Every structure is written in C-alpha cells, then in structure tokens.
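Asks:
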Amino acid sequence: MVSIKVVNKKLFEIEADAYGFILSEGFNFSKQLKEFATNFFPDLQKLIKKGNFIGKKSDLLILPITVNNKIVHCFFVGIGTKEDSAITMEHYRRVLGRLVKQVANYNCHSLALQLPPHSFFSLSVEELAEQTVTILDMAAYQFDDYITDADRKKNKLTEVVLCAEEKNKKEIEKGVKIGEVIGTAVNEARHLIDLPPSTVTPEYFVEKAKTIAKEYGLGITVFEKKQIESFGMGGLLAVSRGSDIGPRLVILEYKPKKKASQTIAFVGKGITFDSGGLSLKSPIHMESMKDDMSGAAAVLATMKALAQLKPSAQIVGLMPLAENLIDSKSIKPGDIVQFYNGKTAEIKNTDAEGRLILADALAYAVKKYKPDVIIDIATLTGACSYSLGPFYTGLFSQHDDVVDQIYQAASYSGDRVWRLPMGEDYKQAIRSVVADICNIGSKKIMAGATTAAHFLQHFVEDTPWAHLDIAGTAFDVPNISYYQEGGATGAGVRLLIELAMNWQ
Ligand code: BES
Ligand code: ZN
Ligand code: ZN
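Plus 3 on top of the position in the sequence shown (first one is 1) and you've got this note's numbering.
(1) Which of the three DSSP states is assigned to R434 in this structure?
(2) Could you give the DSSP three-state label for M92: helix, strand or coil?
(3) Along the chain, where does the beta strand (DSSP E) containing L252 start, and where does it finish?
(4) Specify the secondary structure class of A316 as computed by DSSP and reduced to three states.
(5) Report the option in L36, D147, V103 whose CA atom is closest to the CA atom of L50.
(6) Report yes or no: do the stretch 366–375 and the stretch 247–267 share at least 3 C-beta pairs separated by less than 8 Å?
(7) Tell me whether D379 counts as near ligand 3, meaning its Cβ is closer than 7 Å to at least one heavy atom of that ligand.
(8) For T135 versus L99, is the C-beta distance shorter than 8 Å?
(9) Just to confirm, are L183 and V128 a CB contact at a threshold of 8 Å?
(10) Please report the Cβ distance between G525 and A115, rounded to the nearest whole angstrom; I am assuming they are in contact, meaning their Cβ atoms lie under 8 Å.
(11) Going by DSSP, what residue range makes up the beta strand (DSSP E) through V480?
(12) Counting only the same chain and skipping the five closest in sequence on each side, list residues whose C-beta sits under 7 Å from that of V5.
(13) Measuring alpha carbon to alpha carbon, tell me which residue in S414, V340, K446, D407 is nearest W468.
(14) Is there contact between the stretch 334–354 and the stretch 433–444, where contact requires at least three CB pairs shorter than 8 Å?
(15) Check each candidate in K272, I267, D87, A263 and name the one with the smallest Cα separation from P250.
(16) Please classify K8: does DSSP put it in a helix, a strand, or coil?
(17) From I433, V225, H457, pick the residue whose C-alpha is nearest to that of P424; which is it?
(18) Tell me which residues share the same chain as F43 and place their Cβ nearer than 7 Å to its Cβ, disregarding the 5 neighbours each side in the sequence.
(19) Does ligand 3 have a heavy atom nearer than 7 Å to the CB of I473?
(20) Tell me whether A355, by its Cβ, gets closer than 7 Å to a heavy atom of ligand 1.
(21) If contact is defined by three or more beta carbon pairs under 8 Å, each pair taking one atom from either stretch, is the stretch 205–217 in contact with the stretch 294–308?
(22) Which word fits V480, buried or exposed, when buried means at least 16 other C-beta atoms lie within 10 angstroms of its C-beta?
(23) Here's a check: name, in chain order, each residue in its chain whose Cβ is nearer than 8 Å to the Cβ of V10, leaving out the five neighbours to either side.
(24) Between the stretch 275–294 and the stretch 215–234, can you find at least three pairs of beta-carbon atoms closer than 8 Å?
(25) What do you get for L502, buried or exposed, if any count of 16 or more other CB atoms within 10 angstroms of its CB means buried?
(26) DSSP has C166 in a bridge; who is on the other side?
(27) Any idea if I287 is buried or exposed, counting beta-carbon neighbours within 10 angstroms, 16 or more meaning buried?
(28) Do you know how far the Cα of T224 is from the Cα of I185?
(29) Taking DSSP as the reference, what is the three-state secondary structure of C387?
(30) Less than 7 Å separating the Cβ of D277 from some heavy atom of ligand 1?
(31) Going straight from the alpha carbon of V420 to that of I25, what length do you get?
(32) Going by CA-CA distance only, name the one from A316, A21, M236, D152 that's closest to K260.
(33) What does the alpha-carbon distance come out to for the pair E558 and V496?
(34) I'd like to know whether the C-beta atoms of Q341 and G235 end up nearer to each other than 8 Å.
(35) According to DSSP, which residues form a beta bridge with G23?
(36) Figure out for me which residue from K430, A89, H194 has the closest Cα to the Cα of D147.
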C-alpha cells in the first residue's frame, strides 16, 4: 500500500524523489509553476515548450532537475480538455496510473503531487481526493510474492504527498481516508485472485474471511459440507463432488448502529478453480481459471471496506465456495440436482457450474434475509466477455430502478457496466425435458450470458435483483494503466462499495 500524506506546503517545499504536475490542454503557467521555475529551473517554460508539452491527453514530459543538491524527476502529464465529466474522470484515472508506473520505472519511491482543480471533473474536493487515492493505490499494486529476482521488485512507489491549501485540507484528508479504504479493498481482492489456485482453496478463503470478520467486527457464519447437505443445497454439493475439499458457504454481515431500513445482499461466485469438470476445458481456457472466485473475492473485499465506511443500510455478503475438478465422484452430464428452494436442474454441461452454486446461495439469501435488493457478481460466462470484451461488466436486471442506481455507482466509481437484455423471449432457452430447468441454454437461442442470467432468476423469487457478469473484466485487462497486465483487476469492488454507500 502507498502511504499518503496531506500537507499544506508548496510542492517544491516537499522533499520527494519525484514531482507530479497534472495539466490540462493549453494550461497557463500557474503561480505554483512560476515559483517552482524561479527557484529551481529558470528555463522550465522554454523546456516545456521544447518538449512539445501542451497538456494533451497523452502528453508526458519527464525532466530530471537538481533540488537542494539532489536529483529529482519532474513528471508533467496532460489530461486534455474537459469533456463529459465521466470521460474526463476516466482520463484522469489513466493519467494517474501512467504517472505511478513511470515514477516507479524511474526508481522514485516518493512523489509530491498537486491535485488538479476539482471543478474540472464536476466533483467536490473530497471526492477528487478519494478518487485520486483509490487509483494511486490500485496503480501501485504489484503481485510479486513469487518473484525471487530482487531487481524485478525494487521499483515501487511507496509514498505520495498531496499538497493542499489550508482551506481544503480537512476535506482532502477525509477523501484520502475513504480512498485508502477503497483502494486497499480493491487490492485485497486482486491479491486473493492472483494467488495460485492450489493456495486459495475454499478452506483458505474461509480463513481469510474469518480474519477479516474478526478484525473489522463483521458477523460471520460458515456452513460446511454437513450443513450444506442438511439444507438440501444440491447445486453447491454437486459442483464440489469432484474435489477432496468440501464446499463452503460463507456469510458476512454488517449491521449499522442505527437500525437499518434497507438490507442489501451481495452474492459472489467462489469457484477457486474451474477445470470445467467432466466437460473439461481446453488448456487455453483453463489457464486463467484461478480467477473464477473473483465474484466472491469482490464481495469479501467490499464487506471489509463497508465495515470501515459504515453505510446506513444493512449488508449481507454470501460467498458459495467450491472447486470444480474431476474425480470418479464428479457430477456427470445427464445428472439432475435439486436446489435449496426445491427446484431441479438437468446438468448438460459440468462447466456451467457457477450458476449451480449461485442458485443455492441466492435462494438462501432470499429466504433467510428477505433483502430489499440482491446483487450477484460472477465470472459466469465466456459469452459475456465475447460481447463486451474486457472493458465493461455485463449487467442483467429487469428492475429499472436498480439498474439506474448501478449505472450511477458505475459512473462515479469508474467500475464500468453495460446492460444486456433479459426478457421473456429468452426464458425458453433453459427448458428441460427431464427437470424444471437446464444448466445450459439451447443452441437456437444462443445469448449465453443472458440465458445464464435467466437460470439465476429462478432463485430470487420477486426480490429486486441484478446480476453482474465479470467474466471479461476480472482478469488480465490490457492497456489500462492502473491495472497490472496478466493480473486481477478487482472488478466490482469499487462499484459495490459505492452502491452500498448510496443505496436508496
Ligand atoms: N468460469 C467460466 C466462465 C469464464 C469464462 C470466466 C472465461 C472467465 C473467463 C464458467 O464457469 C464457464 O465455464 N461457463 C461456460 C458456460 C457454458 C458451458 C454454457 C462458458 O462460458 O463457456
Ligand atoms: Zn465453468
Ligand atoms: Zn466457472
């Protein structure tokens, strides 16, 4: 984690390895910059001109200079012109991400940074500080637990000092605190996803949840195989049958001090490894299947953050956990399972396992907690990532007011979603001749992401519900500066936190 300090000093009065200047297109030489130049770099204005730096979106100018006999690096980064505020904000996030990576590349460990004007983004001072710190933390994240070459690990940004005017300092500090909680939560989810799948088993995940519950005062319930059997959760049992490690259902509960009028349930898919089962995946598709618990990791990290941020709603986080492996005890295509709510499903493909474990968890959430809204998050279908690619999470819901709130939270948090259709026409896709429903959709209807959502809908009764498919967005997203290529993104964490904090 990056340590963040807020000081009421001028940029150049701060001791740091690097100075960051974020400038918009056609910027004027501000008082700050002028003072900076007068003190350390009389030719700054000329050099900026020579470097063709005008503050365009992708402009970057790096100048090494001497301050108090020490070589430091100045990073001038452009954010372009003001567009639609959400677009501008995403530019800013990427600029920050790029800045963090560059600063680390130059082996600078500390960075002094002047926040750009908050009005540029249509945000408050506090909100801009929150967003900035979230991204600073996310961009500085590296999964290098298993890298033994010290040279590959040394370039890291560890400290950022933000300059604040006295009148803004309190607000900035407030935003920094929130941003730190969010950024840390996102990175915690990423780390859990990035760890190898033989490490992060259902057992390991449960231990992690217990540690978090204890440290942050969340209620926790863990159901193991025996109880899961006695509940009749046939989906969760079926999927775990190919593994020596039994299934688990972990439930974390956050209760606000003042009795809440609303209860939100989050349900996250926790397949700690998806081989496909007897409907075995090809090597290329299996390669990244340690990420199949990204939904559960997002819910766990969100619960940890909410325990600190304290929303006024009550929040329940349910995480069904299992490994989808092969054994003589594995489920077979043709098997029929019965779920917690009594419904039955024909298994035609053992690789469509996520919906089976979510079905039991959703039905349990509805019956036990009677939530006002239920949102599940899952790396559910390759079809969703084919439709939207790695940049948007698929959103499925027939409740327009829930969709509106999710879109709003997505826009503010930067965790982007795109709504895909549900609707009556698709229902027929999961008809089964021998059971209530089938676990894959018919070839004629295709639309695999939508038909998976329809499967889930059978388990939420009439509770307002939305489904988030993060199959494309959870892992190895290219070309976004604040992510790490080949690693987890923490998709959904920023969104769920924002949603819970503002739920109406
Ligand atoms: N975990 C996968 C979905 C997935 C694919 C996640 C790519 C991340 C990246 C899921 O369990 C799965 O295998 N779904 C099948 C369903 C099909 C058999 C109906 C799929 O999408 O191919
Ligand atoms: Zn699968
Ligand atoms: Zn899966």
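Beta carbons: idealized from backbone N, C-alpha and C, even for Gly. Quick caveat, the model's predicted, so the values are computed rather than measured.
Replies: Taking the coordinates as given:
(1) Here R434 carries a coil assignment [DSSP, helix/strand/coil].
(2) Note: M92 maps to helix in three-state DSSP.
(3) Start and end: 251–257.
(4) Coil at A316, not helix or strand.
(5) The candidate whose alpha carbon is nearest that of L50 is L36.
(6) Verdict: yes, contact present.
(7) Flag unset: Cβ of D379 not near ligand 3.
(8) When the beta-carbon positions are compared, T135 and L99 come within less than 8 Å of each other.
(9) First, the residue type needs correcting, since residue 183 is Glu and not Leu in the sequence shown. At least 8 Å separates the beta-carbon of E183 from that of V128.
(10) Lying before the first or after the last residue shown, residue 525 is absent from the chain, which here runs from 4 to 507.
(11) For V480, no beta strand (DSSP E) encloses it, and the DSSP letter there is neither H nor E.
(12) Counting only Cβ-Cβ distances below 7 Å, and skipping sequence neighbours, we find L139, D140, A143, L160, T161, E162, V163.
(13) Proximity to W468 across S414, V340, K446, D407 peaks at D407, based on C-alpha coordinates.
(14) Output reads yes: the stretch 433–444 touches the stretch 334–354.
(15) Closest by alpha carbon: K272.
(16) Of the three classes helix, strand and coil, the one that applies to K8 here is strand, per DSSP.
(17) Checking every option, the nearest Cα to that of P424 belongs to H457.
(18) Result list for F43: F15, I68, V70, in chain order.
(19) Not so, every heavy atom of ligand 3 lies at least 7 Å from the Cβ.
(20) Within the cutoff, so yes.
(21) Yes, they touch.
(22) Around the CB of V480, 16 or more other CB atoms lie within 10 Å, so the residue is classed as buried.
(23) Excluding residues within five positions, the ones whose Cβ falls inside 8 Å are I17, V164, L165, C166, A167.
(24) Judged by Cβ distances under 8 Å, the stretch 215–234 makes no contact with the stretch 275–294, as fewer than three pairs qualify.
(25) Result: buried.
(26) Its beta-bridge partners are V10, Q117.
(27) Residue environment for I287: exposed (fewer than 16 other C-beta atoms within 10 angstroms of its C-beta).
(28) Looking at the backbone, the Cα of I185 and that of T224 are separated by about 24 Å.
(29) C387 sits in a helix when the DSSP states are folded into three classes.
(30) Checking the Cβ of D277 against ligand 1 gives yes.
(31) Going by the C-alpha atoms only, they are around 28 Å apart.
(32) Minimum Cα distance to K260 is reached at A316.
(33) Within the shown structure, residues of the chain are numbered from 4 to 507, placing residue 558 beyond reach of any answer.
(34) Yes, Cβ-Cβ distance for Q341 and G235 is below 8 Å.
(35) As a beta-bridge residue in DSSP terms, G23 pairs with F78, L116.
(36) If we check each option's Cα against that of D147, H194 comes out closest.
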